[in-house]
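What follows is a single structure, written as structure tokens, with notes after it.
Protein chains in written order, with the working numbering: chain A, 3 to 301; chain B, 93 to 375.
If you want it as structure tokens, here you go:
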């Protein structure tokens, strides 16, 4: 038997040929699906950039929006960017510590019969439509007081909370029991072990979850439309007690404008929003990879 | 040891062990009485009674599943972390019931330290691994010296003194385990429990850990669970042999078969089951 004689494996037959064809077909379909997914993102970003090209300049970030500007020059979205920054910033400041505390309770302190129901409630909360949260906050805070960016922040915080809490819970669950035992075995109380051992072990994952939660709410429109969209300042304003212009709401409003230059501005705003969210996702990946490296003990 | 002892020949190992002092000169650290350990309704251990003495190394040996780890984790209430765990009987530590009503498990663990089967350093620097416990327990005076002393006692100082700031996860397994020992003894416990501390280590790292136990037992009391009978024969002054018994309803649980001076356990055991185990006929 020569070295190239493969008869020991049997001659190729129809069955084998059919299997190969099926395998090839399935592989092709899967490849196409993956390629389509990537292509959709690429086309979307490219198209948005193309449409907004006329406004993708420094003015976009430095000049506030001029209503019904008939020319494209020196018109920007600075007020909307600042408004979104303020609102998302405040909502993160509210939801992040709260969500992490919820997760700490669930993983470190809650007895097993309580864990399940709390997680279930968080999942239900995560599934509540944003518009419902908007109406709820409207009834809770705004009726009788008028619109404010703070109310918008609160609504976004309500939307963020279950995401932060659930992602942090997942991460804390992954912290090995041996870490808790190491802390407790030294005679450290539970809370010190949680703060000094469990949380630092999970920092990377917690940051990743938080960044993704920020990305999740940065483009949220519905509650902001109800809570902070009327009588907004047309100049750059930072006071969260007043209604502030935001990027998603501005995109909506500009898209309804009769002026083509407003449409172009809306596309430019949309492009910045996409890039911001992409950047956040990449940051999240970076933190995840870094903490993985750290725990693996690279020298 | 008499030459006529056929069993002694089976486990003839070098030891630095001194002969055991007479019983009345030994100070009891743990007095364990009728200890049952249960997970849910299932008993893992039944009716364990014996004493652990001060400044000795006590080894717990026995086949897998005989409840060695469960037992040692009862001694510093580490099993409290397991929701379904329950214990009956008493463990007295210098006369005080560690499962007593008003006893704080945190205080118990502070006095009775533990080193685990797998090295579990914190993902912090080598220095911070040892310093963390000291800081938490308020032993901040002379922190640097305390860290150095602990690392020296754990025979690790010379290997890490130039890279105290680097991540402990970068150390080898044996170094990590010695770091865990340093971390445990830095907070100056009275007793150090070791749950198969060398099971994940190579023979050289194992030897280092055995040597440091021998050197430190004048300051601490050690209880060590080990799979390795030679290890028990080398380091332990007293040895408890646990085995698996089958109850009336067919369920298996661990129990203490024999407890005595290590010499006696390995050369002239009173129980047939101990003899079978130490001579390698089972387990």
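Beta carbons: idealized from backbone N, C-alpha and C, even for Gly.
Beta-carbon proximity of residue i to residue j, cut-off 8 Å
i                     : j                     : result
residue 204 (chain B) : residue 282 (chain B) : yes
residue 354 (chain B) : residue 329 (chain B) : yes
residue 97 (chain A)  : residue 166 (chain A) : yes
residue 210 (chain B) : residue 93 (chain A)  : no
residue 326 (chain B) : residue 311 (chain B) : no
residue 162 (chain A) : residue 215 (chain A) : yes
residue 272 (chain A) : residue 253 (chain A) : yes
residue 169 (chain B) : residue 190 (chain B) : yes
residue 376 (chain A) : residue 230 (chain A) : No answer is possible for residue 376 (chain A): the residues shown for chain A start at 3 and end at 301.
residue 90 (chain A)  : residue 190 (chain A) : no
residue 222 (chain B) : residue 151 (chain B) : no
residue 236 (chain A) : residue 99 (chain A)  : no
residue 121 (chain B) : residue 160 (chain B) : no
residue 179 (chain B) : residue 126 (chain B) : no
residue 171 (chain A) : residue 108 (chain A) : yes
residue 247 (chain B) : residue 304 (chain B) : yes
residue 334 (chain B) : residue 347 (chain B) : yes
residue 331 (chain B) : residue 153 (chain B) : yes
residue 143 (chain A) : residue 153 (chain A) : yes
residue 290 (chain A) : residue 206 (chain A) : yes
Identified DSSP bridge partners for residue i
i                     : result
residue 180 (chain B) : B:128
residue 134 (chain B) : B:131
residue 152 (chain B) : B:317, B:332
residue 350 (chain B) : B:333
residue 237 (chain A) : In the DSSP output, where bridge partners are listed per residue, residue 237 (chain A) has none listed.
residue 220 (chain B) : Paired residue(s): none; residue 220 (chain B) is not in a bridge.
residue 338 (chain B) : B:344
residue 145 (chain B) : B:120
residue 185 (chain B) : B:122, B:188
residue 283 (chain B) : B:204, B:313
residue 77 (chain A)  : Its beta-bridge partners do not exist; DSSP assigns none.
Residues of its chain near residue i, where Cβ-Cβ distance is below 8 Å and the 5 sequence neighbours each way are ignored
i                     : result
residue 249 (chain B) : 240, 243
residue 202 (chain B) : 229, 279, 281
residue 226 (chain B) : 232, 235, 238, 239, 278, 279
residue 265 (chain A) : 53, 256, 257, 259
residue 198 (chain B) : none
residue 171 (chain B) : 129, 162, 165, 177, 179
Exposure label - residue i; buried when at least 16 CB within 10 Å
i                     : result
residue 300 (chain B) : buried
residue 3 (chain A)   : Caution applies to residue 3 (chain A), whose pLDDT of 49 falls short of 50 and renders its modelled position unreliable; the value that the coordinates give is listed next. With fewer than 16 Cβ atoms within 10 Å of its Cβ, residue 3 (chain A) is classed as exposed.
residue 119 (chain B) : exposed
residue 192 (chain B) : exposed
residue 110 (chain B) : exposed
residue 203 (chain A) : buried
residue 32 (chain A)  : exposed
residue 194 (chain A) : buried
residue 93 (chain B)  : Residue placement at residue 93 (chain B) cannot be trusted, given a pLDDT of 41 that sits under 50; what the coordinates show is reported in the next sentence. Under this definition residue 93 (chain B) is an exposed residue.
residue 349 (chain B) : buried
residue 367 (chain B) : buried
residue 115 (chain B) : exposed
residue 212 (chain A) : buried
residue 46 (chain A)  : exposed
residue 125 (chain A) : exposed
residue 183 (chain A) : buried
residue 369 (chain B) : buried
residue 77 (chain A)  : buried
Residues of its chain near residue i, where Cβ-Cβ distance is below 6 Å and the 5 sequence neighbours each way are ignored
i                     : result
residue 95 (chain B)  : For residue 95 (chain B), the predicted structure reports a pLDDT of 42, less than 50, and the residue's modelled location is therefore unreliable. A value from the coordinates is still provided. Within the same chain, residue 95 (chain B) has no close Cβ partners at all.
residue 175 (chain A) : 109
residue 58 (chain A)  : 270
residue 228 (chain A) : 136, 140
Contact set for residue i: own chain, Cβ-Cβ below 7 Å, skip 5 residues either direction
i                     : result
residue 200 (chain B) : 168, 169, 190
residue 135 (chain A) : 157, 160, 161, 225
residue 258 (chain B) : 217, 218
residue 222 (chain A) : 132, 158, 161, 250
residue 212 (chain B) : 272
residue 132 (chain B) : 176
residue 288 (chain B) : 209, 317, 318, 319
Output, in sequence order along the chain, the residues in the stretch 175 to 194 of chain A whose CB is closer than 9 Å to any CB in chain B. Within the stretch 175 to 194 of chain A, the qualifying residues are 178, 179, 180, 181, 182, 183, 184, 185, 186, 187, 188, 189, 190, 191, 192, 194.
Which residues of the stretch 244 to 273 of chain B have a Cβ closer than 7 Å to any Cβ of chain A? Give them in chain order. Against chain A - using a Cβ distance shorter than 7 Å - the residues of the stretch 244 to 273 of chain B are 258, 259, 261, 262.
According to a CB-to-CB cut-off of less than 8 Å, which residues of the stretch 43 to 65 of chain A neighbour chain B? Among the residues of the stretch 43 to 65 of chain A, none has a Cβ less than 8 Å away from any Cβ of chain B.
Contact list for the stretch 205 to 236 of chain A against chain B, Cβ threshold 8 Å: When CB distances to chain B are screened at a threshold of 8 Å, not a single residue of the stretch 205 to 236 of chain A falls below it.
Check each residue of the stretch 216 to 239 of chain B: if its Cβ is closer than 8 Å to any Cβ of chain A, include it; give the result in chain order. Those residues of the stretch 216 to 239 of chain B that come within reach of chain A (Cβ to Cβ, closer than 8 Å) are 216, 224, 225, 228, 229.
Which residues, taken in chain order from the stretch 303 to 322 of chain B, show a beta carbon closer than 8 Å to some beta carbon of chain A? For the stretch 303 to 322 of chain B, the set of residues with a beta-carbon nearer than 8 Å to any beta-carbon of chain A is empty.
Mind checking the stretch 287 to 299 of chain A against chain B and listing, in chain order, the residues whose C-beta falls within less than 8 Å of any C-beta there? The residues in question are 296, 297, 298, 299.
Select from the stretch 108 to 122 of chain A all residues with a C-beta closer than 8 Å to any C-beta belonging to chain B, and list them in chain order. Of all residues in the stretch 108 to 122 of chain A, those with a C-beta nearer than 8 Å to a C-beta of chain B are 113, 114, reading in chain order.
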